[in-house]
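Taken in order, these protein sequences are the chains called A, X, V and C.
In my numbering, each number is its position in the first sequence, counted from 1, plus 2.
In my numbering, each number is its position in the second sequence, counted from 1, plus 255.
In my numbering, each number is its position in the third sequence, counted from 1, plus 1080.
In my numbering, each number is its position in the fourth sequence, counted from 1, plus 695.
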Amino acid sequence: MGSIELLILFLVGTGLISYLLTKWNTFLGSVFTIFSVMFVFVSLAAYGFNLNLDETVNYLPGISFTQTYLGFYFAIIIVFVYLMVSFFHPYYLNEYKYKDSYNLLFLLSLAGILGAFFTDSFLNLFFFFELIIWTTMFLIPQGKSREAAVSYFGFSVAGSVAMLLGIFIIFQNNGNSFDIATGLAALSGTNAIFVFVLFLIAAFAKLGSFPLHIWLPIAHGNAPHPFSPVLSGALVKLGAFIAVLALIRIVPATGMFTAMDLPIGQYVVALLGSASIIFGTLMAIKEDDAKKLLAYSSMSHGGYIIVAFSVMNGLAFAGGFYHILAHALASAGAFMAIAAVARVTGTTKMKELGGMIHKMPITYLAYLIAIISMAGIPPMGGFISKWLIFQAVINKGMVFVGIAVFFGSVGSFLYVFRPLAALFLGQEFTEYKGVKEAPIMMLIPTFIIMGLNVYTGVFPAGILQYINNIIGELGYTGITVSTYAINGSNGILNPALISLVFAIGVAIAFVIFILLKKSRKVDLMDTYTAANFVHDEHLLHYSVDFYAPLERLYEKQSNWMTKFYTALAEKVKELGRLAKYLFMSKNMATTVFWIIAILLFVLGGEIL
Amino acid sequence: MTNSINNLELVKELVSKTTTILKEENIDVQQLAFEVNTCDIHHVLSVLKSAGWKQLSYLSAVDWPDENKFEVVYILFNWDKPVYVQIRTKIDRENPSIDSILPIFPGAKYYEREAHEFFGIAFPGNPDYEKQLILEGWDDIPPLRKDFDPSAYSDRKFPSREYPQDYSVTDEKNHSLEKRAERKARAERLRTGGKKQ
Amino acid sequence: MLSTKFTPKNKMTKAEIDRKWWEVGDYFRRNSLWLLMYCTGCCAVELPPSMTSAYDMERLGMGPMATPRQADILLVSGYLSLKTLRRLIYTYEQMSEPKYVVALGSCPINGGIYHDSHAVINQLDQYIPVDVYVAGCMPNPESVLNGFVDLMEGIKQKTMNGWKRYHDHFEWYKENQKNSLGEVIVHDEFHQ
Amino acid sequence: MTIVNFLIGVGIALFGFVLQTSIGGINRKIVGRMQKRHGPRWYQEFIDIFKLLSKRAVSHGWIFDFGVIMALGGIIGTAMFMPLTNQILAFSNNGVNYDNFFIFVYLLAVGMLGMAMSASGSGNPWASIGVMRALTTMLAYEVPFLIVVLTIINLTNQSSLTGIMEYQQMAGNNWFIIAMPLGGIVGFISLMGMLGKKPFETYIAPAEIASGPMVEYGGKQLGMLFILHEISVFIEVSLFVHLFLGGATNIFEFLIKYFAVYTFANLISNVNGRFKIDQVVTFFYKWPLLMAVTQAVIVIYFGWVI
């Protein structure tokens, strides 16, 4: 079934079936969900790579589809993350209150995603966006908190409204047509600037970038454990999609920085992306909840994507697109590992956990590989994308962006290490003595993602060639890729060689290790304690306020953004109370008066 | 008024107004000792605390086996008027017990535990005065009582080295002037770096 | 004349090979002795002069180390109270083998001036094996260094086998420890 | 790429180990003389390492061992990419050199990650504190250093070390420590941080946190970490030589420059005290970062290079 529309209809249909099935038996419904997502993934993968999907089937009125490399690239990554996460459902759904609707909403949001990436009209894009927002909004509060959903919805709506306004401007500008390709091409002058800004607001809100990031840790931290990987690995990438539309396809006629050969608008966006990187890194270092920490890391990586798309050359775009893939895999892997831990321990707070490695070694490895990729260290995918972005930034001579990019890269090393040390390593807590490794069905996606993280780091050439198609589609020249090596603007990188050399190094070290005298195995509690007899493993586990000396340096400045938004929320609430007081008074007559007044006002405009 | 002579007068006046002083002792220009009745201890301490002697420097006991008494000593210090005040009281040596001063000086918790450990004095009012603090796994009578014989305890508990007879020095020549002069010369040589003067 | 016939070399047994390697290791071990200074008593003041410019311990390849895992020598400097002895035994057991014990001053030998105290033990080698004693109250830096040189010589002669003795006579040592200390590892309320 | 290239790479790693271990020993002697002592033998460091390898160690579980192997492996791998001179370089193919600068920064990080993992896996809080301090120090020194390197790469349009070396050796070009004096100073200060020399020795701090990450190691694991340390010092000092001192055209030039840089760093280290960890961060983000950015702006936007 290679038709996009049929796939969407299929998802809606299976959603309803899985609703009924889940009502009857949770496990069965969840397995059904896995198979439906798998079907969609396989169809996409079978037909989509060369854009052979069928666009002619047309049952839905007013909705037509077109295929682009760009849309397909996003779609396949996100569907893949959905597929991987759906393996987790059978083990989690029983905890949730409205478990029967969980699978339905999950499949519906996937339908929305397919629609959003393949549609050819702005209005449908907006419609599918709303579908995604509304379905996910009901998924998030299944975790713990309703506030999370409110915060997520608030920022999403702000983004949608901005996008809608932008769409209206394009609609007016393009001779009353919602077509995406012609609409973006026809923009010029002030209209272009307006649409640029409005679309970027939408992109920043979805991506959780610097000024609009507050919802990200709240929603990620409180979402259901299996949904966090989707949020971070897949859904924030919608923002990247809009960012591509805005940053690459609209070039507003602002001035140019000749030193950097970059439009001012793009440079300002790059600076905002840099702020996002630095802010996300600092906040992630401070965070105690593992999921919130990873959420802030998503914010920081969103900053990388924005920086990559605002440096106007093919190298940076390749880095940006590759980073989307690498971060989706890394972040999904990390969140899934945390979810597996949370399933057996019931908490994601780092100060309550420790020594899980002895019980869950495979989950530990999955997390390790994911964070190596996230920190951009060689044998994993994150290194390739960061290297490409560095090349572009250095080549353009963007010093201040460079500070942020390097800071984020080293800082990511700090914050990803913290859950590793606090959750998995360190002393083994007595309260978790009985826990077991995740079941085999949850380990399947873990292994697949581990493998892909390594694959993207060792053999990036094939994927980069595909990305070259996208870049070509956007009107830029791609990068030079040979079988093993990537050519940057000022150097050449051979990831396979690096991995091989690393493997040789490890082999040498292993031989040295094996040849020497065998060591004596001792207990974890038998450590150097300055000769004190310590009998409580909690006293020997250093995880609370891990980076305390560093945190102290920016403690005072850390929550001014939250304060700003809290104040804003208070103001909005006051405004709402005023409106309520004016319009919703108990007196029926007042309400009727206002309704009539507004009707007259609207109709009057029409009549005149 | 930081003159310590005046401060001494002040303390004397304060304490004598508060309670009957059994014995008084001027230890030095900054230290005074009063012996009071056991029942007055809490009163005296609280009066002194409110007068500025806020710091309980030490709490311990002295064993007087001849009188069959323990003397409990509280040492207070005032940071504004630098005078140490010792408040002493004698309690019975059989079943020694004195009420805890925890409500007045919360820091006395560990001093009282120490006093219990070394003298066996009970401090009702201190919830864990019986817990071990310093001596780990002690199995004898409290060690600072005068009737405890540390030497016998040491002989019993810790094996000592037994020297064969020929290890001990019997040769008188070993201490002769000759050897001493030789040692002196060697030290001199070392000091001057081997140079003859 | 070279023979083409295959002649088996007289092979060394595994024990012999091990012994050869051990001798090679001994060379390294005696030239790089790292100290764990358990500054239990007053003899510790003799260590700074023996480490710094005046006597320069580093020329013998010796130096202070931070933790028992890294160190080769457990340096007991001075008297040992009961509380300290517990921790000393714990530390000694944490060290990696081969390990040596050097005791400074007269207190570990026979109790010294604390021979009749209720809190200080009299003879260290009843509890852990001591390889070198340096007598004196306190021993001056020359004798401290002399003690270390003796230790090196002893390692060369394979007489410094304290850690092996501790393995072989483990029950005997434990018995002595138990008699004097009760339990070695105790619970205290501050580390529960 | 043939097997010969890999053998050369392993040879370079071995050479780096021997070189740094000897020079480290000689430096201990120099420091001894400076402090009016006799000092140890020059081969003392070899004795130390082989002694550690001969001892019987303890192990705290598989991650404790695996981390050490991964760390040493990562460092050996990094050292294999290091060029010694223009010609002596393991991986080059028809004029294309695979010694990209970022490999050194990030493959080195694998080693650090392995060591941090293993240290935390020992379950000792001192080790975790040491790791925390090491990572914080890394956050401090990397950014100014990378900004200077950004300037260099932007200027030379090369990110391969041999390329940067050759650029400096070309007639008319100065060594970058002369061409970009501010950048050179920043590079040296960052080098001190990388080497963990005083005043940036905070994460070892033997008297304070019991030698930090290394607290639980003894015997072979500690010996392997010593090897790791020697090789990583070799990598870091060589990076400085190649980036700022014009690299080397023959091996003797390399040895002289290497010895000079390491000895200079060591001498500075020996007359300094130790910073607190937050002082390290504020120090690096004050003057070195400012100097690095000034240098970058001068070079990139004004084009003033001596």
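Virtual Cβ for every residue (Gly too), placed ideally from N, Cα, C.
With 8 Å set as the bound, which would you pick, yes or no: does the beta-carbon of Q990 of chain C sit closer than that to a beta-carbon of chain V? no
Using only alpha-carbon positions, find the residue among A:V395, A:L542 and A:P447 that is nearest to A372 of chain A. A:P447
Against chain A, does H755 of chain C count as a neighbour if the rule is that its beta carbon must be under 8 Å from one of theirs? yes
Please report how far the alpha carbon of Y339 of chain X lies from the alpha carbon of D283 of chain X, in whole angstroms. 10 Å
Beta-carbon proximity list for T274 of chain X, same chain, < 8 Å, skipping 5 on both sides: V291, N292, D295, H298 and V299
Given a cut-off of 8 Å on the beta-carbon distance, is the pair I6 of chain A and E57 of chain A in contact? yes
Closer than 8 Å at the beta carbon, the chain C residues around L555 of chain A: D973, V976 and T977
F970 of chain C: first and last residue of the uninterrupted beta strand (DSSP E) it sits in: Here F970 of chain C belongs to no beta strand (DSSP E), and DSSP marks it neither H nor E.
Would you grab the beta carbon distance between L200 of chain A and A164 of chain A for me? Rounded to a whole angstrom, and I think it's under 8 Å. 5 Å
I'd like to know if the segment 705–723 of chain C and the segment 925–933 of chain C are in contact, where contact means that at least 3 CB-CB pairs between them fall below 8 Å. yes
For my contact list, L1225 of chain V and M1137 of chain V are in at a C-beta cut-off of 8 Å; report their separation, rounded to the angstrom. 7 Å
Sort C:V936, C:M919, C:A960 and C:A943 by Cα distance to F512 of chain A and report the nearest one. C:M919
Establish whether the CB of Q1203 of chain V and some CB of chain X are separated by less than 8 Å. yes
Below 7 Å on C-beta distance, what does N1023 of chain V contact in chain C? Examination of residue 1023 of chain V is not possible in this model, given that chain V is present from 1081 through 1272 alone.
In this structure, what does DSSP give as the bridge partners for M258 of chain A? A:P265
Leaving out the 5 sequence neighbours to the left and right, which residues in its chain are closer than 6 Å to N105 of chain A when beta-carbon positions are compared? S20, T24, G31 and T35
Quick one: which unbroken beta strand (DSSP E) runs of 3-plus residues sit fully inside the segment 1146–1207 of chain V? Chain order, please. 1153–1157 and 1180–1184
According to a CB-to-CB cut-off of less than 9 Å, which residues of the segment 524–547 of chain A neighbour chain V? V524, D528, T529, Y530, T531, A532, A533, N534, F535, V536, H537, D538 and L541
Any contact between the segment 423–436 of chain A and the segment 355–369 of chain A? By contact I mean 3 or more CB pairs, one from each, below 8 Å. yes
Report the residues of the segment 375–386 of chain X with a CB closer than 9 Å to any CB of chain V, ordered along the chain. D383 and K386
State the start and end residues of the unbroken alpha helix (DSSP H) segment that holds Y836 of chain C. P820 to T851
Would you mind sorting D1205 of chain V into buried or exposed? The rule is 16 or more other CB atoms within 10 Å of its CB. buried
Nearest chain A C-beta to E903 of chain C closer than 8 Å, yes or no? no
Same chain, Cβ closer than 7 Å to L1261 of chain V, neighbours up to 5 away in sequence not counted: L1162, L1165 and R1166
Note down, in chain order, every chain V residue with its Cβ under 8 Å from the Cβ of K892 of chain C. None at all; the shortest Cβ gap to chain V is about 17 Å.
C-alpha distance - I342 of chain X paired with A288 of chain X, whole-angstrom precision: 6 Å
Exposure of D122 of chain A, with buried meaning 16 or more beta-carbon neighbours within 10 Å: buried
Does the Cβ-Cβ distance between V83 of chain A and V238 of chain A come in under 8 Å? no
Is it a yes or a no for the segment 459–468 of chain A touching the segment 494–505 of chain A, going by three-plus beta-carbon pairs under 8 Å? yes
Shorter than 8 Å from the beta carbon of S1157 of chain V to some beta carbon of chain C? no
Between M256 of chain X and K267 of chain X, what straight-line distance do the alpha-carbon atoms span, to the nearest angstrom? Confidence at M256 of chain X is low in this model, with a pLDDT of 47, below 50, so the placement of that residue should be treated as unreliable; the coordinate-derived value is given next. Roughly 16 Å between the two C-alpha positions.
Taking the alpha-carbon positions, what's the I1169 of chain V to L357 of chain X distance? 37 Å
Pick out the complete alpha helix (DSSP H) segments inside the segment 453–496 of chain A, 4 residues or longer, and give them in chain order. 463–475
Excluding the 5 residues flanking G1227 of chain V on each side, which residues of the same chain have their C-beta closer than 7 Å to its C-beta? V1182, V1212 and V1214
Hey, would you say the C-beta of W389 of chain A is under 7 Å away from at least one heavy atom of the ligand PLP? No copy of the ligand PLP occurs in the structure displayed, which carries no ligand at all.
In its own chain, which residues sit with a C-beta less than 6 Å from the C-beta of L984 of chain C, not counting the 5 before and 5 after it? P839
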